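These notes concern the structure reproduced below.
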Amino acid sequence: MVKIETLPDEMGFYGEFGGAFIPELLRPNVEELTHSFREKKNDPAFNKQYISLLEDYVGRPTPLYFSEKLSNKHGCSIYLKREDLNHTGAHKINNAIGQILLAKSMGKHQIIAETGAGQHGVATATACALMDMECIIFMGEIDIERQAPNVQRMEFLGATVIPATSGSRTLKDATNEAIRHWINHPDAYYLIGSVVGPHPYPEIVAHFQSIISKEIQMQLYAKTGKSSPTKVVACVGGGSNAAGAFYHFYDDENVELIAVEAAGHGLNSGKSAATSILGTPGVLHGSMTLLMQDEFGQVTEPHSISAGLDYPGIGPLHAFSIDSGRTKSIPITDNEALIAARELTKTEGIIPALESAHALAALNSLELDKNDVVVVNLSGRGDKDMSTYLQHSHIK
Numbered sequence: 033m034v035k036i037e038t039l040p041d042e043m044g045f046y047g048e049f050g051g052a053f054i055p056e057l058l059r060p061n062v063e064e065l066t067h068s069f070r071e072k073k074n075d076p077a078f079n080k081q082y083i084s085l086l087e088d089y090v091g092r093p094t095p096l097y098f099s100e101k102l103s104n105k106h107g108c109s110i111y112l113k114r115e116d117l118n119h120t121g122a123h124k125i126n127n128a129i130g131q132i133l134l135a136k137s138m139g140k141h142q143i144i145a146e147t148g149a150g151q152h153g154v155a156t157a158t159a160c161a162l163m164d165m166e167c168i169i170f171m172g173e174i175d176i177e178r179q180a181p182n183v184q185r186m187e188f189l190g191a192t193v194i195p196a197t198s199g200s201r202t203l204k205d206a207t208n209e210a211i212r213h214w215i216n217h218p219d220a221y222y223l224i225g226s227v228v229g230p231h232p233y234p235e236i237v238a239h240f241q242s243i244i245s246k247e248i249q250m251q252l253y254a255k256t257g258k259s260s261p262t263k264v265v266a267c268v269g270g271g272s273n274a275a276g277a278f279y280h281f282y283d284d285e286n287v288e289l290i291a292v293e294a295a296g297h298g299l300n301s302g303k304s305a306a307t308s309i310l311g312t313p314g315v316l317h318g319s320m321t322l323l324m325q326d327e328f329g330q331v332t333e334p335h336s337i338s339a340g341l342d343y344p345g346i347g348p349l350h351a352f353s354i355d356s357g358r359t360k361s362i363p364i365t366d367n368e369a370l371i372a373a374r375e376l377t378k379t380e381g382i383i384p385a386l387e388s389a390h391a392l393a394a395l396n397s398l399e400l401d402k403n404d405v406v407v408v409n410l411s412g413r414g415d416k417d418m419s420t421y422l423q424h425s426h427i428k
C-alpha cells in the first residue's frame, strides 16, 4: 500500500498535487492564514472552544446508524454516519465553525465564501450570525435556482448572496468570483468550504472535518469491538466530507477507501463530473490537482444533477490518494443516485442529499461479503433537493 500522508509538505504538496498558485496580491493573505492556523491548531484554548461548539451548538457526535435493511440487501454490515443530523443539515458546519474561530482570532470582520449545493453557504452564514460577522456568499446562478431553499436560509441568516453569472454559472464560477472579491478586499477572510484551493486551505478543511473519522473509530469500537471498518464510502466533488471520513484511516491498509464521483449522464456523455477518471493534472483555483480540461488546458464544463458534485476538479489530497491507488474511485450517474435516494427514503425514512445519494448508490458496485463492515458517510440531508426529487419522481 502506498503511504498517504494527511499533512502536505512545507510547500503544501501531497505528492505532485497541491501547492499555492496564487496572484502576488494574495500572498500576504495566505501567509497570514498559514501562520495563524499553525498557531491555533495546537492551542488548547482554541480547541476547547471549537470542541465545545461542536458538541453544544452543532450537535456532535453525530450517530453511527446500523442500517438493517441495507445490510440485509447487501449481505454485510452497513452503517451510516449521520452527518445529515448536524445543525444546518450537513458536514459543512464542522469546517465553518473552525474557520470562523480562526478568522475571529485574526481580527477579521468580513467573511466571503463560495457554495454549490448551498450547504457550505448556509453553514458559513450560520457561523457568521453566531459570531456577528458580515457574510457574503457567491453562488452560481443555476445553483441559486435549483437550491432555492438554501438561498432563502442564507438570506434569512443575514448573508448577502451574489450570483455568479459567467461560465457554467455553477460552483466553479462562484469560486472564481469569490477569489476576485478576495483580491479586491484583502482584509476579508475567505472561508473555503472544501479541500480545494491554495495551501493551506486543503489542510485546514481536512483538519476540521477529521472529527468525522475520529468519531467513526470510537463509535464503531463501542458497537463492534473494532475501531476500523473494512470499507469507508463517501461522495467526492471537491471532497471535504470524504477527507473527513477517510482521515484517520489513510494509514490503515486494511480499510478500503471509496471515493464516489458524479458520472452525470455517463462517463462518455460529455455531461459528467467524474474528475479522477476524466481529468488530467493542471492548476485550478490555486492548486495543482486533477481537473477536467481540453487539449488546450481550458477547463471543460462538468455536469451533475447534484450541485455539490458539479465541479471540474478534486482536492489535491484526493487526487494524490486516487492517483497512487490508495483510494478507489467509483462513478455514479444521475439516475443511479436518484434511485438510491428513493430507496433510502422509502426503507429507512431518511431523505439523503443528492450528494450523499451518490455514495449510497456505490454500494451496488462493490464486491461485498458477510465479513465486510461498511461505513457510508451520509454527508447531508435532502430537504434542499426536494424539488429535484419531485421533478424526477418517474425514475425508479
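Position 183 of the sequence shown, counted from 1, bears residue number 215 in the working numbering, the numbering being contiguous throughout. Each residue gets a CB set at the ideal place from its N, CA and C atoms; glycine is no exception. No experiment lies behind these values; they were computed from the predicted model shown.
- In this structure Ala-157 is in contact with Ala-191, their Cβ atoms being roughly 4 Å apart against a cut-off of 8 Å.
- Approximately 28 Å separates the beta-carbon atoms of Ser-109 and Asp-415; this is outside 8 Å, ruling out the contact.
- Setting aside the 5 residues that flank it on each side, Thr-262 is surrounded in the same chain by Asn-286, Val-287, Glu-288, Asn-403, Asp-404, Val-405, Val-406, each with a C-beta closer than 8 Å to its C-beta; the list follows chain order.
- In the structure shown, Thr-307 falls within a helical segment according to DSSP collapsed to helix, strand and coil.
- Boundaries of the alpha helix (DSSP H) harbouring Tyr-82: 76-85, taken from the DSSP string.
- Excluding sequence positions up to five before and after Asn-61, its CB lies within less than 8 Å of the CB of Trp-214, Pro-218, Tyr-222, all in the same chain and listed in chain order.
- A straight-line Cα-Cα distance of about 15 Å links Asp-342 and Leu-322.
- For Phe-278, the uninterrupted alpha helix (DSSP H) run begins and ends at 272-278, by DSSP.
- DSSP lists Ile-169 as the bridge partner or partners of Val-193.
- Sixteen is the threshold: since fewer than 16 other Cβ atoms of the shown chains lie within 10 Å of the Cβ of Pro-76, the residue is exposed.
- Listed in chain order, the beta strand (DSSP E) runs fully inside the region 189-275 are 192-196, 263-267, counting runs of at least 3 residues.
- DSSP places Tyr-97 in the strand class (E or B) of the three-state scheme.
- Per the C-alpha coordinates, the member of Ser-319, Thr-307, Thr-379, Leu-86 positioned closest to Phe-53 is Ser-319.
- Here the alpha carbon of Met-165 sits roughly 7 Å from the alpha carbon of Ile-143.
- By the 16-neighbour rule on beta-carbons within 10 angstroms, Gln-423 is exposed.
- Between the alpha carbons of Ser-308 and Gly-298 lies a gap of roughly 14 Å.
- Going by beta carbons, His-335 and Lys-360 fall outside the 9 Å limit.
- Sixteen is the threshold: when 16 or more other Cβ atoms of the shown chains lie within 10 Å of the Cβ of Lys-140, as they do, the residue is buried.
- As DSSP reads the structure, Glu-288 sits in a beta bridge with Lys-263.
- Setting aside the 5 residues that flank it on each side, Met-163 is surrounded in the same chain by Ile-132, Lys-136, each with a C-beta closer than 7 Å to its C-beta; the list follows chain order.
- Measuring C-alpha to C-alpha distances from His-426 to each of Arg-374, Tyr-233, Ile-236 identifies Arg-374 as the nearest.
- With contacts defined as CB atoms closer than 9 Å, Gly-340 and Gly-412 qualify as a contacting pair.
- Per DSSP, the continuous alpha helix (DSSP H) segment holding Val-62 begins and ends at 59-72.
- Boundaries of the alpha helix (DSSP H) harbouring Ile-354: 348-356, taken from the DSSP string.
- Just measuring C-alpha positions, the residue of Ala-306, Gln-184, Leu-134 sitting nearest Gln-151 is Gln-184.
- As DSSP reads the structure, Glu-293 sits in a beta bridge with Pro-363.
- By the neighbour-count criterion, in which a residue is buried when 16 or more other Cβ atoms sit within 10 angstroms of its Cβ, Ala-389 is buried.
- Annotation: Gln-81 to Leu-117 spans about 21 Å, alpha carbon to alpha carbon.
- Distance check between Gly-347 and each of Ala-385, Ala-122, Ala-306 places Ala-306 closest, using alpha-carbon atoms only.
- Within the region 131-178, complete alpha helix (DSSP H) segments of at least 4 residues are found at 151-163, 173-178, given in chain order.
- Val-315 places its beta carbon 9 Å or farther from that of Gly-270.
- Gly-345 is bridged by DSSP to Leu-323.
- Between the alpha carbons of Leu-65 and Lys-105 lies a gap of roughly 47 Å.
- The Cβ atoms of Glu-293 and Cys-267 sit closer than 9 Å to each other.
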